[in-house]
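From first to last, the protein sequence lines are chains A and B.
Per the working numbering, the first sequence starts with residue 2, numbered consecutively.
Per the working numbering, the second sequence starts with residue 2, numbered consecutively.
Backbone N, C-alpha and C fix where the C-beta goes; we use that ideal spot for every residue, glycine too.
A short write-up of the structure that comes next.
Protein chains: 2
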Amino acid sequence: MCNKRSNNAFPTPGHNHKQCLNDAIDKARKVFSLRKLRLTPLREQIYRQILTSHDAIGAYDILDRMRRQGREIAPITAYRILDLLHDMGLIHRLELQNAYYACYRDHEDDKNFIALICRGCGTIAELVDRKVSRVFEALEKEAGFTEEKRVLEVQGLCRSCRDSRKGGNSEKEPLNA
Amino acid sequence: MCNKRSNNAFPTPGHNHKQCLNDAIDKARKVFSLRKLRLTPLREQIYRQILTSHDAIGAYDILDRMRRQGREIAPITAYRILDLLHDMGLIHRLELQNAYYACYRDHEDDKNFIALICRGCGTIAELVDRKVSRVFEALEKEAGFTEEKRVLEVQGLCRSCRDSRKGGNSEKEPLNA
DNA sequence: GGATAATTGTTACATTATTACATTAGTTAT
DNA sequence: ATAACTAATGTAATAATGTAACAATTATCC
Chain A
2 MCNKRSNNAF PTPGHNHKQC LNDAIDKARK VFSLRKLRLT PLREQIYRQI LTSHDAIGAY
62 DILDRMRRQG REIAPITAYR ILDLLHDMGL IHRLELQNAY YACYRDHEDD KNFIALICRG
122 CGTIAELVDR KVSRVFEALE KEAGFTEEKR VLEVQGLCRS CRDSRKGGNS EKEPLNA
Chain B
2 MCNKRSNNAF PTPGHNHKQC LNDAIDKARK VFSLRKLRLT PLREQIYRQI LTSHDAIGAY
62 DILDRMRRQG REIAPITAYR ILDLLHDMGL IHRLELQNAY YACYRDHEDD KNFIALICRG
122 CGTIAELVDR KVSRVFEALE KEAGFTEEKR VLEVQGLCRS CRDSRKGGNS EKEPLNA
């Protein structure tokens, strides 16, 4: 997931985002430091797996990639680190896919985002809009509901996938597995 | 899930909703009929399991309940019927819980709802609001995104759980399992 | 009654996630 | 520097959720 694209937009498919990695790792180091925890080599390696994928990837995808890089870890180890990265706001989880992707925004205190998931290319875009937050707050207040966690996910086709394939699905299997 | 409560509200906890069952089954029979499919005894039994629970229940919960009622079925059988009921709009799926609950609204063509999930009592309330739909449509149009599926779920505490327990969790385990 | 589609069964397996406990590595205080 | 402490990872087993492939049965329609 790249932080060099404009806000609220899908990045150009296939673009090179190696340049974003160092920034993200630096930021992560700071966040860990603030919580007096360590960005260990293992944690960094897993975070990099997620950073270098535009798609969201699942816990067992991470195990596979680690193995290919010569390190075998147990599921629980991946989940522990994923939970930690998630708690720190460095990654987000897609409930629709049981998968994780890197959050490229600075959203310290803000969990008001919508995840747009393209089933064509797998890319995730996050939208942030105060109107959405306000409407949710108003509705919940009216219902007497105290919010603790919010999941806003939309699956569909991004512009380039729609244009290039008219809704077809030739390049890649569907993502709702 | 009971259809005798006012719209957009949590029902009184512990209320009796047996009275709603027949209406729901009648409606289901009509929906099946329209699609030239049958509401078989098995399908009806599973639908009743869901109708008679305010909580969302998982596929394997249904297997358990069926077994207690003397009928052993395989997971795939439950999933097939759940998918069918879901396609027909009779039940909804909570991605946050991998579980299903009965939809008590008449929402033929409308998938614009927000599920409020109380982690105290497990009750699900659905909110419907055109403002939300409009904002989503506008944002997606701007992003060039073609929506196919939308998940809007909020987990938290309903009024009575908040009032009676101040956020505590003594009566029941959390629902995010 | 035979063809056809709908429904359920059977078996096996794939995927996702957690529990419990042991071990190792880093940090702190003396 | 080492004992005591916390953070981090390992190990092993298993729970929970979901699907594939194909067979058998049941209803419907001509």
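For D164 (chain A), three-class secondary structure by DSSP: DSSP places D164 (chain A) in helix when its eight states are reduced to three.
Any C-beta of chain B under 8 Å from that of F146 (chain A): F146 (chain A) counts as touching chain B.
Chain A contact for S7 (chain B) (CB, 8 Å cutoff): No answer about S7 (chain B) holds up, because its pLDDT of 47 lies below 50 and its placement is not dependable.
Same chain, Cβ closer than 6 Å to A25 (chain A), five either side skipped, listed in chain order: Within the same chain, A25 (chain A) has close Cβ partners L52.
For T78 (chain B), the first and last residue of its enclosing alpha helix (DSSP H): Looking at the DSSP string, the run of the alpha helix (DSSP H) that includes T78 (chain B) is P76 to D88.
Close-in-space but distant-in-sequence residues of the same chain around I82 (chain B) (CB under 6 Å, 5 per side omitted): Cβ neighbours of I82 (chain B) beyond the five flanking positions: R44 and I47.
Supposed contact pair M67 (chain A) and I77 (chain A) - C-beta distance, whole angstroms, cut 8 Å: About 13 Å; that fails the 8 Å criterion.
Helix, strand or coil at D111 (chain B) according to DSSP, with G and I counted as helix: Under the three-state reduction of DSSP, D111 (chain B) is assigned to coil, being neither helix nor strand.
Validate contact between the segment 145-159 of chain B and the segment 153-161 of chain A using beta carbons, cut 8 Å, 3 pairs: Yes, they touch.
Three-way DSSP call (helix, strand, coil) for Q98 (chain A) in this model: In this structure, Q98 (chain A) counts as coil in the three-state DSSP scheme.
At least 3 beta-carbon pairs within less than 8 Å: the segment 136-146 of chain B vs the segment 91-103 of chain B: No: fewer than three Cβ pairs fall under 8 Å.
Buried versus exposed, by CB contacts within 10 Å (16 or more), T124 (chain A): When all chains shown are included, T124 (chain A) counts as buried.
Residue range of the unbroken beta strand (DSSP E) whose run includes Q50 (chain B): Where Q50 (chain B) is concerned, there is no enclosing beta strand (DSSP E), although the alpha helix (DSSP H) around it starts and stops at P42 to L52.
Rounded Cβ spacing between A79 (chain A) and I58 (chain A) (contact assumed at less than 8 Å): In fact, because the Cβ distance is near 10 Å, the residues do not count as touching under 8 Å.
Residue(s) in a DSSP beta bridge with L55 (chain A): In the sequence on display, residue 55 (chain A) carries His and not Leu. DSSP lists no partner for H55 (chain A).
Any chain B beta carbon closer than 8 Å to R151 (chain A): True, the Cβ-Cβ gap to chain B drops below 8 Å.
Buried or exposed by the 16-neighbour rule on C-beta atoms within 10 Å, applied to G71 (chain B): Residue burial annotation: G71 (chain B) is exposed, with fewer than 16 other C-beta atoms found within 10 angstroms of its C-beta.
Cβ neighbour criterion (16 or more within 10 Å) applied to C162 (chain B): Counting the other Cβ atoms within 10 Å of the Cβ of C162 (chain B) gives 16 or more, which makes it buried.
Neighbour flag for G169 (chain B) against chain A, beta carbons, 8 Å: The predicted model places G169 (chain B) with a pLDDT of 47, which falls under 50 and marks its position as unreliable, so this point remains unresolved.
Where the alpha helix (DSSP H) containing E73 (chain B) begins and where it ends: First-last for E73 (chain B): undefined, no H or E at that position.
C-alpha distance - T41 (chain A) paired with M89 (chain A), whole-angstrom precision: When rounded, the distance between both Cα atoms is 15 Å.
Rounded separation between Y61 (chain A) and Q50 (chain A) - CA only: Straight-line Cα distance between these residues: approximately 12 Å.
For C119 (chain B): DSSP bridge partner residues: Answer is B:G157.
For L140 (chain B), the first and last residue of its enclosing alpha helix (DSSP H): Here the alpha helix (DSSP H) through L140 (chain B) covers R131 to A144.
Spatial neighbours of I29 (chain B) in its chain, beta-carbon cut-off 7 Å, leaving aside the 5 residues before and after: In the sequence as displayed, the identity of residue 29 (chain B) is Ala instead of Ile. Taken in chain order, the residues that qualify are L40, Y48 and L91.
L97 (chain A): contacting residues in chain B (beta-carbon distance under 7 Å): Listed along the chain, the chain B residues whose CB falls inside 7 Å of the CB of L97 (chain A) are E96 and V152.
C-alpha distance - K112 (chain B) paired with L86 (chain A), whole-angstrom precision: Taking the straight line from one Cα to the other gives about 33 Å.
Per DSSP, the bridge partner or partners of A126 (chain B): In DSSP, A126 (chain B) forms a bridge with B:L117.
Euclidean distance between Cα positions of D84 (chain B) and H93 (chain B): Roughly 10 Å between the two C-alpha positions.
Neighbouring residues, chain B, relative to D88 (chain A) (Cβ below 7 Å): Near D88 (chain A) there are no residues of chain B at all, since even the closest Cβ is about 14 Å away, more than 7 Å.
S34 (chain A) classed as buried or exposed, judged by whether at least 16 other C-beta atoms fall within 10 angstroms: It counts as exposed.
Interfacial residues, the segment 104-129 of chain A to chain B, with Cβ spacing under 8 Å: If the cut-off is 8 Å between Cβ atoms, the segment 104-129 of chain A has I115, L117, C119, R120, A126 and L128 near chain B.
C-beta neighbour in chain A for G157 (chain B), strict 8 Å: With its beta carbon less than 8 Å from one in chain A, G157 (chain B) belongs to the interface.
For C122 (chain B) and S165 (chain B), the rounded distance between their alpha carbons: Straight-line Cα distance between these residues: approximately 11 Å.
H55 (chain A) to L22 (chain B) span [Cα, whole Å]: Using only the alpha carbons, I get a separation of about 47 Å.
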